[in-house]
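2 protein chains.
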Amino acid sequence: MPTLSPAARLYSQARRNLLPRHERLVAVAGRWQHEYLAHLGIRPEVTLRCGEVAHDAALDISERALARVHPGLSAPALLSVVRLPEWRPAQVLRPDSRLVLVADGIEYAGNLGTLIRTADAAGADGLVLTNATCRLTHPKVFEASRGTVLTLPVLTYDSVARARRDLTAAGFTTYVADPAAAVDYLAVDYGPGKAAIVVGSEGSGVAAEWRTPDLTRVSIPMRGRADSLNVAASASVLLFDARARMR
Amino acid sequence: MPTLSPAARLYSQARRNLLPRHERLVAVAGRWQHEYLAHLGIRPEVTLRCGEVAHDAALDISERALARVHPGLSAPALLSVVRLPEWRPAQVLRPDSRLVLVADGIEYAGNLGTLIRTADAAGADGLVLTNATCRLTHPKVFEASRGTVLTLPVLTYDSVARARRDLTAAGFTTYVADPAAAVDYLAVDYGPGKAAIVVGSEGSGVAAEWRTPDLTRVSIPMRGRADSLNVAASASVLLFDARARMR
């Protein structure tokens with residue numbers, strides 16, 4: 386088997402999530418995906434092309450190499466490795482920021498991507514991740530976010546205490562979604578303040594470090610048989626309601 | 386290879402979606418799933434058990450049979466085939482019904498299940514399906530709906546015209562979600578009326594038959610980079626907002 390070129394190997398490693406996390410490299414494949422990169426003016430680290438695809442800076446690869454770096458795809462195909470921007474807290478939790486989503490303990494890349502897309506659509510200033518067990522660079526995050534992982538500012542914290550300290554220092558009031566909370570989300574008065582809305586993992590909800598008495602816990606009343614909404618649906622309801630009622 | 390028992394064969398066929406649609410049979414596996422069936426008082430058509438599981442009416446199957454009917458599961462395992470209830474329009478679009486979700490052209494079973502779970506949580510009286518290309522009996526619908534597919538009334542229509550006729554006859558005002566619509570969803574006055582909210586397929590939105598001038602089209606303003614929300618997020622925002630503002 387001939388050796389893959391360094392560029393093809395990089396794509397393959399990015400696609401399989403084998404690169405060090407701090408490199409922030411994402412494998413991106415497909416037509417709308419590349420149109421979106423061009424629309425944003427983003428220059429990939431490398432772009433690979435198999436077959437006839439218009440692109441001015443792509444390296445050609447064989448169909449055999451394509452089958453190795455992205456099984457299941459067939460020519461014509463366009464593949465890129467893109468570096469996610471790195472955000473500092475001061476760029477996201479700014480004086481004029483009003484709304485951030487905090488996602489705690491998210492396990493599934495598809496859910497993380499959907500949360501990013503929803504936060505983007507709601508006009509949130511950013512997403513704060515705590516206790517995340519899935520990677521921001523997973524290709525499913527890019528897909529489910531419809532590419533907004535490239536533009537919505539995301540802060541990843543190793544420590545909940547530190548995330549809380551940064552939010553407090555930036556003037557945010559924190560609201561923790563909890564199906565067992567007594568306060569109906571519609572009863573929250575967001576007023577002219579800054580709101581951080583915390584949603585929890587698919588399995589066990591928000592971590593104990595977020596459920597302390599000094600933070601307001603809010604619930605979305607369940608009017609049917611199920612005892613909870615999925616995390617992306619909860620975030621949609623809370624973010625859009627907050628955005629609509631903030632002054 | 387020994388022949389499977391009729392009960393094991395039925396489970397296997399239900400799991401692979403090989404039974405005629407009108408039989409409405411769903412394969413259900415797992416612990417919370419069976420606790421939920423018991424909680425609802427639902428008697429499965431058949432229940433199979435592999436290994437030590439407390440159950441008073443399960444047929445025992447071998448590990449080899451388990452591997453055939455549900456690859457990937459291992460003992461102890463509990464499997465059932467459950468029949469979905471059949472709903473008539475008059476049971477769902479009742480004089481006292483206030484809110485229904487209409488989902489048009491849904492392709493993915495996971496999305497359909499999430500829509501059912503969301504409609505249940507929002508207290509919708511039912512779900513109307515038009516142009517659906519995925520089956521209500523797909524095991525992923527049960528999973529993503531957290532079992533609420535067994536209790537939330539669902540009407541499946543072959544014809545949009547017929548669905549529209551039934552909704553109109555039952556006194557519903559229909560609102561069609563359309564990212565290009567000029568009317569912001571927050572500007573809708575639901576008042577004391579009955580609302581049917583139509584959301585479209587993942588790919589191409591709501592079918593032309595729902596986009597006629599006599600129906601109000603509403604949009605959820607996109608405040609970020611993405612041009613749309615996913616269908617389950619849109620439905621969450623619209624249903625919970627409608628429920629909060631209806632009189």
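Top line first, the protein sequences correspond to chains H and C.
Numbering-wise (the numbering used here), the first sequence opens with residue 386 and increments by one.
Numbering-wise (the numbering used here), the second sequence opens with residue 386 and increments by one.
Don't be surprised by glycine CBs; every beta carbon is placed ideally from N, CA and C.
Everything numeric in this text was worked out from a predicted model, so none of it was measured.
How many whole angstroms separate the CB atoms of residue i and residue j, which I take to be in contact at a CB cut-off of 8 Å?
i	j	result
residue 390 (chain C)	residue 464 (chain C)	Actually they do not touch by this definition, with Cβ atoms about 12 Å apart.
residue 499 (chain C)	residue 615 (chain H)	6 Å
residue 608 (chain C)	residue 602 (chain C)	Not quite, the Cβ-Cβ distance comes to about 19 Å (not below 8 Å), so this is no contact.
residue 413 (chain C)	residue 422 (chain C)	7 Å
residue 548 (chain H)	residue 580 (chain H)	Contact doesn't hold; Cβ gap of about 15 Å is too wide.
residue 600 (chain H)	residue 553 (chain H)	With a Cβ gap of about 10 Å, residue 600 (chain H) and residue 553 (chain H) do not count as contacting.
residue 534 (chain H)	residue 501 (chain H)	5 Å
residue 400 (chain H)	residue 520 (chain H)	About 12 Å separates the two Cβ atoms, so there is no contact after all.
According to DSSP, which residues form a beta bridge with residue i?
i	result
residue 581 (chain C)	C:485 and C:559
residue 411 (chain C)	C:467
residue 513 (chain H)	H:487 and H:540
residue 568 (chain C)	C:603
Identify which residue in the options has its Cα closest to the Cα of residue i.
i	options	result
residue 437 (chain H)	H:428, H:514, H:448 and H:430	H:448
residue 493 (chain C)	C:514, C:507, C:483 and C:481	C:514
residue 632 (chain H)	H:506, H:591, H:470 and H:483	H:483
residue 536 (chain H)	H:403, H:469 and H:583	H:469
residue 427 (chain C)	C:434, C:419 and C:433	C:419
residue 584 (chain C)	C:410, C:564 and C:569	C:564
residue 620 (chain C)	C:572, C:486 and C:478	C:486
residue 555 (chain C)	C:435, C:452, C:432 and C:479	C:479
residue 476 (chain C)	C:457, C:540 and C:429	C:540
residue 504 (chain C)	H:618, H:510 and H:594	H:618
residue 592 (chain H)	H:460, H:545, H:600 and H:567	H:545
residue 569 (chain H)	H:399, H:605 and H:558	H:605
residue 369 (chain C)	C:543, C:567, C:481 and C:398	The structure shown does not extend to residue 369 (chain C), since chain C is modelled only from 386 through 632, so no value can be given for it.
residue 526 (chain C)	C:409, C:611 and C:416	C:409
residue 416 (chain H)	H:531, H:625 and H:401	H:531
residue 571 (chain C)	C:434, C:629, C:586 and C:472	C:629
residue 623 (chain H)	H:594, H:454 and H:575	H:575
residue 435 (chain H)	H:429, H:557, H:453 and H:538	H:453
residue 588 (chain C)	C:613, C:550, C:522 and C:458	C:613
residue 439 (chain H)	H:430, H:431 and H:461	H:461
residue 506 (chain C)	H:610, H:550, H:401 and H:451	H:610
residue 489 (chain H)	H:392, H:542, H:567 and H:577	H:542
So, with DSSP's three-state summary, where would you put residue i?
i	result
residue 445 (chain H)	strand
residue 542 (chain H)	strand
residue 586 (chain H)	strand
residue 641 (chain C)	The requested residue 641 (chain C) is not part of the displayed model; chain C covers only 386 to 632.
residue 573 (chain C)	coil
residue 526 (chain H)	helix
residue 438 (chain C)	coil
residue 619 (chain H)	helix
residue 426 (chain C)	coil
residue 591 (chain C)	coil
residue 462 (chain H)	strand
residue 604 (chain H)	strand
residue 432 (chain H)	strand
residue 614 (chain C)	coil
residue 507 (chain C)	coil
residue 532 (chain C)	coil
residue 419 (chain H)	helix
Interface residues of chain C around residue i at Cβ under 8 Å?
i	result
residue 625 (chain H)	605, 622 and 626
residue 502 (chain H)	611, 614, 615 and 618
residue 541 (chain H)	Under the 8 Å cutoff, chain C gives no residues; its nearest Cβ is about 19 Å from residue 541 (chain H).
Could you tell me which chain H residues have their CB closer than 7 Å to the CB of residue i, listed as they occur along the chain?
i	result
residue 537 (chain C)	609
residue 505 (chain C)	609, 610 and 611
residue 388 (chain C)	The premise fails here: residue 388 (chain C) is roughly 35 Å from chain H at the closest Cβ pair, so nothing lies under 7 Å.
Using a C-beta to C-beta distance shorter than 7 Å, which residues of chain C count as neighbours of residue i?
i	result
residue 508 (chain H)	608 and 609
residue 395 (chain H)	Near residue 395 (chain H) there are no residues of chain C at all, since even the closest Cβ is about 26 Å away, more than 7 Å.
Residues of chain C with CB under 9 Å from residue i, in chain order?
i	result
residue 531 (chain H)	610, 611, 612, 613 and 615
residue 432 (chain H)	Under the 9 Å cutoff, chain C gives no residues; its nearest Cβ is about 21 Å from residue 432 (chain H).
Quick one: list the residues of chain H neighbouring residue i, beta-carbon separation under 8 Å, in chain order.
i	result
residue 571 (chain C)	629
residue 553 (chain C)	Within 8 Å Cβ-Cβ: nothing; residue 553 (chain C) doesn't reach chain H, min ~25 Å.
residue 597 (chain C)	Neighbours of residue 597 (chain C) on chain H: none; closest Cβ ~27 Å, over 8 Å.
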